[in-house]
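Data first, discussion second: the structure below is written as structure tokens.
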Amino acid sequence: MRKRTAGALGLAIAGVASMLTVGTAAADPAPPYVDLQAFGYVSCGGPLPGRAETASLTDHGWVTNHGPGVAHDVWVGWGGLGGGRGEFRSTLSPGDSIMIERTVPSWGCAFRSSWIQASTSTYDINTGNNGWAARN
Numbered sequence: 005m006r007k008r009t010a011g012a013l014g015l016a017i018a019g020v021a022s023m024l025t026v027g028t029a030a031a032d033p034a035p036p037y038v039d040l041q042a043f044g045y046v047s048c049g050g051p052l053p054g055r056a057e058t059a060s061l062t063d064h065g066w067v068t069n070h071g072p073g074v075a076h077d078v079w080v081g082w083g084g085l086g087g088g089r090g091e092f093r094s095t096l097s098p099g100d101s102i103m104i105e106r107t108v109p110s111w112g113c114a115f116r117s118s119w120i121q122a123s124t125s126t127y128d129i130n131t132g133n134n135g136w137a138a139r140n
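Under the working numbering, the first residue of the sequence shown carries the number 5, and numbering increases by one thereafter.
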């Protein structure tokens, strides 16, 4: 009987110690994370109105915050053919997106590549998904 009592007491003490450890860890003031994910593609369309080019190329892209924290200083942009363009938001709430698009003239549907990159000043758990590159 003594062994059972001592065993139960030992388990109770271990349980209290675990609860104290978990309580301390939960109080750690870690910043809320953001999870920015950028995506885009290049499409080849028809001629632009009033232009001599035979086709147009359109870059499409967006970035979404999939984390529970608010992202700060988020920028989405690209460079290359047709000049650079971008979209900036001082904050991007969870679930919100920034979408951008540009159309440039092209002779035919020439090889084209484009990229988008987004960054934030807060803790981003998945920075590898903050950029994309696409080509037609």
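Virtual Cβ for every residue (Gly too), placed ideally from N, Cα, C.
Taking 8 Å as the threshold (C-beta atoms), are residue j and residue i in contact?
i    : j    : result
W66  : S118 : no
I104 : D39  : no
G90  : V80  : yes
R139 : V46  : yes
G44  : W136 : yes
T124 : H64  : no
For residue i, which of helix, strand or coil comes out of DSSP?
i    : result
T58  : coil
N140 : coil
N133 : helix
A75  : strand
A122 : coil
L52  : coil
D100 : coil
G112 : coil
H70  : coil
S47  : strand
Let me make sure I understand the geometry here. Which of the options has the alpha-carbon closest to that of residue i?
i    : options                  : result
H70  : A138, N140 and N134      : N134
T95  : T126, R116, G54 and T107 : T126
R106 : P35, P53 and T62         : T62
Among the residues of its own chain, which have a CB less than 8 Å from the CB of residue i, if the five just before and after it don't count?
i    : result
A122 : L40, A42, V67, V78, W79, V80, I102, N134 and G135
P51  : E57, T58, A59 and S60
F115 : R139 and N140
Give every residue of the same chain whose Cβ lies closer than 7 Å to the Cβ of residue i, excluding the five residues on either side of it in the sequence, and list them in chain order.
i    : result
G132 : none
I'd like the list of long-range same chain contacts for residue i, defined as Cβ closer than 6 Å, with 5 residues on each side in sequence excluded.
i    : result
I120 : A42, G44, G65, V80, W82 and W136
S97  : V74
P35  : Y127
F92  : W79
Quick one: is residue i near chain C, going by C-beta distance under 8 Å?
i   : result
T68 : Among the chains in the structure shown there is no chain C, since it carries only a single protein chain.
(request) Evaluate the contact criterion for the segment 99-119 versus the segment 53-62: three or more CB pairs, one atom per stretch, below 8 Å. (result) yes
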